[in-house]
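The structure under discussion appears below in the form of structure tokens.
Numbering (my numbering), first residue to last: 839 to 945.
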């Protein structure tokens, strides 16, 4: 299991990540755009560190939905010590566009 120090998700364009070992680490960033997440369905982007250790991960919804309760977001490292996954579920009755940035700190 990765040494995840702290995770912060925000419904804004700002993203905060904290790492206990920042001097030896580097950041990997990727933008995801899912234009149509249908009602009751989920979008699950992943970002990894390859063969390196995942220290921390985070996300930001770049454009929050008009209905602030439409999306349920959870984040985890489900498959290995090297992959960060965010699951965004649409709990509304209408399709929702999801634009988000994922960041991982690797060492």
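C-beta atoms are modelled at their ideal positions from N, C-alpha and C, and glycine is treated no differently.
Taking only the alpha-carbon atoms, compute the straight-line gap between residue i and residue j and give it to the nearest angstrom.
i	j	result
residue 943	residue 881	22 Å
residue 892	residue 865	10 Å
residue 923	residue 931	24 Å
residue 897	residue 869	10 Å
residue 874	residue 933	6 Å
residue 863	residue 945	4 Å
Look up residue i in the DSSP assignment and give the residues it is bridged to.
i	result
residue 944	864, 892
residue 912	925
residue 935	Per DSSP, none; premise fails for residue 935.
residue 886	921
Thinking residue i and residue j are a contact (beta carbons under 8 Å), I'd like their distance in whole angstroms, please.
i	j	result
residue 921	residue 884	5 Å
In chain order, what residues of the same chain have a beta carbon less than 6 Å from the beta carbon of residue i, not counting five sequence neighbours either side?
i	result
residue 912	925
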